[in-house]
Structures are given as structure tokens and as C-alpha cells.
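**Q** Heads up: the protein sequence lines correspond to chains A and B, in order. Mapping of the first sequence onto my numbering: residues 96 to 211, in sequence order. Mapping of the second sequence onto my numbering: residues 1226 to 1334, in sequence order. A virtual CB, placed ideally from N, CA and C, is assigned to each residue, including glycine. Pasting a structure here, questions to come.
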Amino acid sequence: DGGITQSPKYLFRKEGQNVTLSCEQNLNHDAMYWYRQDPGQGLRLIYYSQIVNDFQKGDIAEGYSVSREKKESFPLTVTSAQKNPTAFYLCASSSRGRLYSNQPQHFGDGTRLSIL
Amino acid sequence: GIQVEQSPPDLILQEGANSTLRCNFSDSVNNLQWFHQNPWGQLINLFYIPSGTKQNGRLSATTVATERYSLLYISSSQTTDSGVYFCAVEAGANSKLTFGKGITLSVRP
Chain A
96 DGGITQSPKY LFRKEGQNVT LSCEQNLNHD AMYWYRQDPG QGLRLIYYSQ
146 IVNDFQKGDI AEGYSVSREK KESFPLTVTS AQKNPTAFYL CASSSRGRLY
196 SNQPQHFGDG TRLSIL
Chain B
1226 GIQVEQSPPD LILQEGANST LRCNFSDSVN NLQWFHQNPW GQLINLFYIP
1276 SGTKQNGRLS ATTVATERYS LLYISSSQTT DSGVYFCAVE AGANSKLTFG
1326 KGITLSVRP
């Protein structure tokens, strides 16, 4: 079945440690996105990529890094510079419509990151 | 940037009741989506509705782009409708969705 797979579902980070969250999609979508959700809040955009080997910062990119070497994969690294990484992380993808408008975004099931 | 406001922030319904959830936005949009987040955190697409009206079973949505608001209607609510409902908009061609803070719906049996 087509979809977006995020792994792991739960992740624990020690102080000073970098961790990488995986996001894979088999929907043949060009665009991929990473969002962060804190308790009782909406989603905030961390990074997004509209094409392979290109990505842009979202609203809260500090302390995070991404890569987009393959169309189907968009991993997110939470670096030690991110001082408050405990949150729910959601990955999304969408196809590109005519005139560069975007089609609906579809989401994975998320990864919950906690600090040890 | 664009602002998205959802109301009411919390809603409690008895099973079988109808409800209307509202989303106001501060600028023109070329994409508007409604999502339902279930208790496990899964975010489910409900509607992609930058303008007009759509219906899907007991749910329907209307976006009046010229007046910068969208409404989500839930009829004959069920306990499985409980969760958080998010409205998200995209302004311009930058592909960035801006989310509202959500509406928490609790449907009681």
C-alpha cells in the first residue's frame, strides 16, 4: 500500500546526542515536510523540500538538519543544539500541481522524542 | 505571516448532536485543509477545500475564500469523532502550511 512510514515510533535522546528520525514515502511525491507538535499546540514547520537535493528552512529550523538525497526519503536530525527536543514529530508529503501549486499534504504516524 | 484562528477551542457534545467548527484566516489562501488528529496522534486528511463546499458522509466543509473563513460541519456525532480538529492554510506558492491551534472535540455516549 502507498503511504508514509516514519520510524521509530518512540525515541529517547541523551543530553548532547544527535538523533535521526526516518521518513520514507512510496507515493512518488515531490515535496516532503517535517513538523513539530508540542502538547496542546498546532503543528509548526521545521524544514521542507520541494525537490531532490534542495530544501528550505521552515519557521523553527534552529537545532535541526535535513537531507534529501532520494525522492522517497527525507530524514530529520535533531542535533544537540536543539535544547528542547521533546515533542511529537510528523513527516508529510505532497505532489506538485499545475503552476507549482501544491496538492494536499498527507502525514505519517509520527515519532515521539523524549529526553533521558 | 498568515494567521489562522480556530473556534471554539473546546467542544463537548452528546452522541448524535451536530456541530460547526470554524477557521478564520488573515490573508488570501490557495490551499486549505481540515485534519482530524485521533488520540494516538495520527493526522487524518478530512478535506482539501480552498473554496466551495464538499461532503463526505456525516462531514461537510465550506470555504468562503473572499471572506477568509472555513466551516467544518459534523452531523450525528459519534464517540469516534473525538479528537482534535486542525485547519491549515497555504498562502502563496511556497508550499508552507500554517496550522491553527486546533479544536478539541469530545463526544460523550
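1) Which residues in chain B sit within 9 Å of Gly-153 (chain A), going by Cβ to Cβ distance?
2) Going along chain A in order, which residues have a C-beta closer than 7 Å to the C-beta of Gln-1267 (chain B)?
3) For Asp-1306 (chain B), which three-state DSSP category applies?
4) For the beta strand (DSSP E) containing Asp-149 (chain A), name the first residue and the last one.
5) Using a Cβ-Cβ cut-off of less than 7 Å, list which residues of the segment 1253-1283 of chain B approach chain A; keep chain order.
6) How is the beta strand (DSSP E) around Ser-1232 (chain B) delimited, first residue to last?
7) What does the Cβ neighbour count give for Ile-1299 (chain B), buried or exposed, with the cut at 16 atoms within 10 Å?
8) Please list the partners that Gly-1327 (chain B) has in chain A, where partner means a Cβ-to-Cβ separation under 7 Å.
9) Apply the 10 Å Cβ neighbour rule to Phe-107 (chain A) and answer buried if 16 or more other Cβ atoms are within range, or exposed otherwise.
10) Can you give the beta carbon distance from Val-1254 (chain B) to Phe-1324 (chain B), rounded, assuming they're within the 8 Å contact cut?
11) In the DSSP assignment, what residue or residues form a beta bridge with Lys-1279 (chain B)?
12) Give me, in chain order, the residues of the same chain whose beta-carbon lies closer than 6 Å to that of Thr-115 (chain A); leave out the 5 immediate sequence neighbours on both sides.
13) So which residues of chain A does Phe-1311 (chain B) contact, with C-beta pairs closer than 8 Å?
14) Checking 8 Å against the spacing of the C-beta atoms, do Leu-122 (chain A) and His-201 (chain A) come in under that value?
15) Please list, in chain order, the chain A residues whose beta carbon lies closer than 7 Å to that of Phe-1324 (chain B).
16) Could you work out which residue in B:Ile-1328, B:Val-1314, B:Pro-1233 and B:Phe-1250 is closest to Gln-198 (chain A) when comparing CA atoms only?
17) What is the DSSP secondary structure of Glu-164 (chain A), counted as helix, strand or coil?
18) With Glu-119 (chain A) as the anchor, note down where its beta strand (DSSP E) starts and where it stops.
19) Apart from the five residues just before and just after Asp-1235 (chain B), which ones in its own chain have a Cβ nearer than 6 Å to its Cβ?
20) For Phe-1250 (chain B) versus Ile-1274 (chain B), is the C-beta spacing smaller than 8 Å?
21) Could you please give me the residues that DSSP links to Asp-1235 (chain B) through a beta bridge?
22) Please confirm if Leu-185 (chain A) has its CB atom under 8 Å from at least one CB of chain B.
23) What are the boundary residues of the beta strand (DSSP E) that Ser-102 (chain A) is part of?
**A** A quick look at the data gives this:
1) Translated into positions along the first sequence, residue 153 (chain A) becomes position 58. Near Gly-153 (chain A) (Cβ distances below 9 Å), the residues of chain B are Lys-1321.
2) Along the second sequence, one-based indexing puts residue 1267 (chain B) at 42. Per Cβ cutoff of 7 Å: Asp-204.
3) Counted from its first residue, the second sequence places residue 1306 (chain B) at position 81. DSSP places Asp-1306 (chain B) in helix when its eight states are reduced to three.
4) For the purposes of this step, residue 149 (chain A) is taken as residue 54 along the first sequence, with counting starting at 1. That run of the beta strand (DSSP E) goes 149-152.
5) Asn-1255, Asn-1256, Gln-1258, Gly-1266, Gln-1267, Leu-1268, Asn-1270 and Tyr-1273
6) Walking along the second sequence from the start, residue 1232 (chain B) turns up at place 7. Start and end: 1229-1232.
7) Reading the second sequence from its first residue, position 74 is the one you call residue 1299 (chain B). Answer is buried; the Cβ neighbour count reaches 16.
8) Position 102 of the second sequence, counted from the first residue, corresponds to residue 1327 (chain B). The answer, in chain order, is Gly-137.
9) Residue numbering aside, residue 107 (chain A) sits at position 12 when the first sequence is read from its first letter. Phe-107 (chain A) should be labelled exposed.
10) Working through the second sequence from its first residue, we reach residue 1254 (chain B) at position 29. Working through the second sequence from its first residue, we reach residue 1324 (chain B) at position 99. Incorrect: roughly 13 Å between the Cβ atoms, too far for contact.
11) Within the second sequence, numbered from 1, the residue matching residue 1279 (chain B) stands at position 54. According to DSSP, which records beta bridges pairwise, Lys-1279 (chain B) is partnered with B:Ala-1286.
12) Looking up residue 115 (chain A) in the first sequence gives position 20. If we look at Thr-115 (chain A) and ignore the five residues flanking it on each side, its Cβ neighbours are Pro-170 and Thr-172.
13) The residue labelled residue 1311 (chain B) in the question sits at position 86 within the second sequence. Correct list: Gly-137 and Leu-138.
14) Translated into positions along the first sequence, residue 122 (chain A) becomes position 27. Translated into positions along the first sequence, residue 201 (chain A) becomes position 106. Closer than 8 Å, so yes.
15) Within the second sequence, numbered from 1, the residue matching residue 1324 (chain B) stands at position 99. Those are Gly-137 and Leu-138, listed as they occur along chain A.
16) Counted from its first residue, the first sequence places residue 198 (chain A) at position 103. Looking at the Cα atoms, B:Val-1314 is the closest of the given residues.
17) On the first sequence, position 69 is the one that residue 164 (chain A) refers to. In this structure, Glu-164 (chain A) counts as coil in the three-state DSSP scheme.
18) The residue you call residue 119 (chain A) lines up with position 24 of the first sequence. That run of the beta strand (DSSP E) goes 114-120.
19) Position 10 of the second sequence, counted from the start, is the residue given in the question as residue 1235 (chain B). Correct list, in chain order: Thr-1329.
20) In the second sequence, the residue the question calls residue 1250 (chain B) occupies position 25. In the second sequence, the residue the question calls residue 1274 (chain B) occupies position 49. No, the Cβ-Cβ distance between Phe-1250 (chain B) and Ile-1274 (chain B) is not below 8 Å.
21) Position 10 of the second sequence, counted from the start, is the residue given in the question as residue 1235 (chain B). Paired residues: B:Thr-1329.
22) For the purposes of this step, residue 185 (chain A) is identified with residue 90 of the first sequence, where counting begins at 1. True, the Cβ-Cβ gap to chain B drops below 8 Å.
23) Indexing the first sequence from 1 puts residue 102 (chain A) at position 7. Where Ser-102 (chain A) is concerned, the enclosing beta strand (DSSP E) stretches over 99-102.
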